[in-house]
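Everything below concerns the one structure shown next.
Residue numbers (UniProt numbering): 1 to 58.
Shown next, in the form of structure tokens:
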């Protein structure tokens with residue numbers, strides 16, 4: 001027997017619909033939170049050139 005097919009057989013677990021919905025909602029919430037953090041960090045980086053320019057101007 002192919003070990004890979006054995007692995008696949010073990011992964012076939014039926015998740016109840018309400019639990020699947022809850023997991024999806026949690027996953028979406030985590031993605032939004034991560035996106036917000038990434039956006040915040042990117043904005044900080046985008047801010048740096050204008051801060052440097054202001055220092056040069058002063």
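The beta carbon of each residue, even a glycine, is placed where N, CA and C say it ideally should be. Keep in mind it's a predicted model, so treat the numbers as computed, not measured.
Task: DSSP state of residue 49 mapped onto helix, strand, coil - done: helix
Open item on the list: Can you give me the C-alpha to C-alpha distance between residue 27 and residue 47, rounded to a whole angstrom?
Closed with: Just so you know, the alpha carbons of residue 27 and residue 47 end up roughly 30 Å apart.
- [ ] Whole angstroms is fine: what's the gap from residue 42's alpha carbon to residue 19's?
- [x] 34 Å
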